[in-house]
Structure formats: C-alpha cells, structure tokens
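Structure first, commentary second.
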Amino acid sequence: MVRRKQRVHQHIMEDESYHIIKKLIPKEWVIREFNRPDYGIDLIIELFDKIDDKTYETLGEFIYVQVKSSDQFPISTEKIYGVGNVAKGKWVQDRSEYANLDIVKYSYDTNSIFTIQSLGASVSVLLFLVDLQSEDVYFINMNDYIDKIVVPQKPNYIHQGSLTIKIPTLNTLKNYQVSSAALQLYGKRSKLLAAFSKFNYQRNELSYALGIKFWPVYTYRETLEKEMTEKQTYDLVIFFIMQNEKLDIWNYNFWLVLPEAKAEMAELKEYLLGDLVEWDKARNDIIILWQRLTNLGTMYEDLIREWYLPKMISLWTSYPNLPETIKTADVRKN
C-alpha cells in the first residue's frame, strides 16, 4: 500500500529533548544544533556572561553535547567505594567504606566513546540524558569519565560493543547549584589548560633568571644566557603577572584556589613595584608563587577532572552536601 512520507517517533523525541534542554539552560546562553550530518555531536552550547538586564557578553567558551532521550530513565542505587589516583595507575578500590549513590544508566556504543577519547581532554564533550516524562536532563563529562573510569577499569574496552555509563542523579540541569558550577567549569576547560601551559613556560624562564634548576641537567642555553640584574628580573616577573591577570580563569569561584592565586599575584606585583624591595624575600616569593601556579595543572588533573563523576572523591569535593559514608568489615583493596 502506498503511503505518504512519515515522521518517525525518534525525530519527535529529539525535538522534545532539545526543547527541554533549552528550557533548563540559562536563557543568555546560545544553543546551536550540530548534527547535520550526525557524527556524534548534537549541540554546541556557547556561554555568555550577564552584563546587565539587557546585555550579555560572549565568553568565547563552548561545550559540545551528545543528546540521548528516553520516555523514562530508571533510577537505581549503587555502592560507591573509594579509589586510588587513577592518573598514576590502575583501578584499586578501598572497600572499607562506601556511599550509596542514585544513578541513571545508559548503554553507550564504544565507537562513540573511542571517538570522544581521540579528541583528548581539551574539548569538553558532555552526554545529556533527557527523561521525557520527568523532563530531567542528566549530564556527565565524557572526557573525564573515559579517562577516570572507563580506561582504568577497562583498558581494552574497544573490544566490547558497548559500555554502561553511570550518571549521578545529582547531575541534573534542574539542580542549578550543581549544573551551573559544572557547565561553567567545562566551558573554561581550554582556557585553563592554556593557562597551565603558560605558567610552566614562565616558571622555566624564571628558573634561568633566578639561577634555579628544577632538574639536574645542563643545557646549551646556560652557556649563552647572560645573568639578569635584579631590576630586569623584577620587570620580567611583573610582565608575567600582568599577562596572567588578564587570563579569563580567575573569576571561576567554585575552585577556591583560583581567586587565591590571583590575589597572591597582585600582592607580589605590588611589592615589586614598591620602593623597599629586598632581593632574598622577592626571590623566595617569586619561587613560591610560580610553584603554586604550576601546581594548578597537577591539581586539575588529580582532583578537578574527578568532579561530578560517580566516584567517592567526587562526592567529597564537588557537591554542596557531603555524602554519608558507611563502614564495612571488608578491608580489602581490589
């Protein structure tokens, strides 16, 4: 029997999903569809900052999103145990205590997971699960999920057809306190990584200026480098600080060390511009400041990329309320 062209239910669900997302995302942010053709990214969200009631300024920050929808995503509860630092080795659980965590699950094909992994960590790719019945939108950062959960647990995951992704129900766009902090963090990812690279370069240059070696290797540069005067060193430090102060990372107040680091830079600059500068104190303060600045990159990899994942360290560090932990008789680590 001949019939007219038909619209499938999947397309209707997709439209409903986008409508729900747009209702929950801040109105000043811009959502662009990015699925024509579809290679894994459905939406790009561009973040804007409110200037006043009628003016919003682009931040140059973008989040890439893959959207999956269902009439309903069942909620289940899982025990979450502590895990060692997976950036240093394999997945090792501490089964002496756990926390109960409500989650939703999604079976994700490994081709999509591998594609996201291939992008690296500099671009934030989020998975949005849209529950059409409750109009909840659950989110997870897939870059971090892959590096901090999938690869440590299943290093050979590419030989599987799919993996079950577990998203804390705390990660919902309706929970504005959580979603606002998380999405702003993901939007700043490329800026943060660029800043960490700059801090490392600056510390390297200052090591020559101050005569410090962070590793016992001498290079050809040291045979050519002329010693800098105290004034030249101070000018270099002030120049670096003025560069750093312009970076668009310091106003992310959910990571408390960022505004603290900015304040330390301002304090050192004020001291170096003053009339009573003592070399020993200045040298020591410069070394300490850049050690702290370069350590931000380590903290980001060790801690911040764990935020909002279904892991114990995330429950302790990235949500407003601390988890209730339950002791067990099992002291094994596996």
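Numbering (my numbering), first residue to last: 1028 to 1361.
For glycine and all other residues, C-beta sits at the position ideal for the given N, C-alpha and C.
Since the model is a prediction, treat every value here as computed from it, not as a measurement.
Q) Is it right to say E1351 is buried, meaning 16 or more other beta carbons lie within 10 angstroms of its own, or is it exposed? A) Exposed, since its Cβ has fewer than 16 Cβ neighbours within 10 Å.
Q) Alpha carbon to alpha carbon, what distance is there between K1095 and V1178? A) Distance between the alpha carbons of V1178 and K1095: 22 Å.
(Q) Suppose the cutoff is 8 Å on Cβ atoms and the five residues either side in sequence are ignored; what does the same chain contact list for M1269 look like? (A) Taken in chain order, the residues that qualify are K1296.
(Q) Just verifying my parser: in three-state terms, what is the DSSP assignment at V1205? (A) DSSP places V1205 in helix when its eight states are reduced to three.
Q) For the alpha helix (DSSP H) that contains I1080, what are its first and last residues? A) Before going on, a small fix: residue 1080 reads as Asp here, not Ile. Unbroken run through D1080: none, as it is neither H nor E.
Q: Use the C-beta contact count for G1214: other C-beta atoms within 10 angstroms, 16 or more gives buried, fewer gives exposed.
A: With 16 or more other Cβ atoms inside 10 Å of its own Cβ, G1214 counts as buried.
Q) From the DSSP output, which residues share a beta bridge with V1110? A) According to DSSP, which records beta bridges pairwise, V1110 is partnered with Q1120.
Q. Do you know offhand how far S1234's Cα is from T1256's?
A. Distance between the alpha carbons of S1234 and T1256 is about 14 Å.
Q: Note down the Cα distance separating I1071 from Y1228, rounded to an integer number of angstroms.
A: C-alpha separation (whole angstroms): 32 Å.
**Q.** W1277 versus A1356 - alpha carbon distance
**A.** Their Cα atoms are separated by approximately 44 Å.
Q. Does the Cβ-Cβ distance between I1167 and L1153 come in under 8 Å?
A. Taking 8 Å as the Cβ cut-off, I1167 and L1153 qualify as a contacting pair.
**Q.** Closest Cα partner of V1100 within the set K1193, L1237, A1209
**A.** First, the residue type needs correcting, since residue 1100 is Phe and not Val in the sequence shown. Taking only the C-alpha atoms, the option nearest F1100 is K1193.
Q | Coarse secondary structure for S1044, derived from DSSP in three states | A | Annotated three-state conformation of S1044 is helix, per DSSP.
Q: Measuring alpha carbon to alpha carbon, tell me which of F1141, I1176, P1195 ends up nearest I1102.
A: That would be P1195, whose Cα lies nearest to the Cα of I1102.
Q: Verify whether the separation of the beta carbon atoms of G1087 and D1136 is less than 8 Å.
A: Taking C-beta atoms as the reference points, G1087 and D1136 fail to come closer than 8 Å.
Q. Cα separation between Y1172 and D1121?
A. Answer to the nearest angstrom: the Cα atoms are 19 Å apart.
Q. Do L1237 and I1314 have their C-beta atoms within less than 8 Å of each other?
A. Taking 8 Å as the Cβ cut-off, L1237 and I1314 qualify as a contacting pair.
Q | Identified DSSP bridge partners for L1365 | A | Past the boundaries of the shown model lies residue 1365; the chain is included only from 1028 to 1361, so the question cannot be answered.
Q: Measure how close the beta-carbons of S1151 and N1170 come, nearest whole angstrom, since I'm counting them as under 8 Å.
A: About 6 Å separates the two Cβ atoms, so the contact holds.
Q | Option nearest L1274 by Cα separation, candidates D1307, D1302, S1044, F1223 | A | From the listed residues D1307, D1302, S1044, F1223, the smallest Cα separation to L1274 is found for F1223.
Q: Would you decide whether V1035 is buried or exposed? Buried here means 16 or more other CB atoms lie within 10 Å of its CB.
A: Below a pLDDT of 50, predicted positions are generally treated as unreliable, and V1035, at 49, falls in that range; the measurement from the model is reported next regardless. V1035 should be labelled exposed.
Q. Cβ of L1212 within 8 Å of Cβ of S1206?
A. For the 8 Å CB-CB criterion, L1212 and S1206 do not form a contact.
**Q.** Neighbourhood of M1326 by C-beta distance below 8 Å, restricted to the same chain and skipping five residues each side
**A.** Answer for M1326: V1284, listed in chain order.
Q) First and last residue of the beta strand (DSSP E) that includes P1286? A) Premise fails: P1286 lies in the alpha helix (DSSP H), 1284-1299, not in any beta strand (DSSP E).
Q) Short check: CB of M1339 to CB of V1113, under 8 Å? A) Not a contact, by the Cβ cut-off of 8 Å.
Q | Proximity below 8 Å, CB of L1051 to CB of V1164 | A | Annotated as proximal: L1051 and V1164, with beta-carbon spacing under 8 Å.
Q: Count the other CB atoms, across all protein chains shown, that sit within 10 Å of the CB of Y1125; report buried if there are 16 or more and exposed otherwise.
A: So Y1125 ends up on the buried side.
Q | Rounded C-alpha distance that separates Y1184 from W1343 | A | In a straight line, the C-alpha of Y1184 is about 28 Å away from that of W1343.
Q) Relative to the alpha-carbon of L1047, which residue among F1061, K1106, L1128, L1156 has its alpha-carbon at the smallest distance? A) Strictly speaking, residue 1047 in this sequence is Ile, with Leu absent from that position. Per the Cα distances, L1156.
**Q.** For S1103: DSSP bridge partner residues
**A.** Paired residues: I1130.
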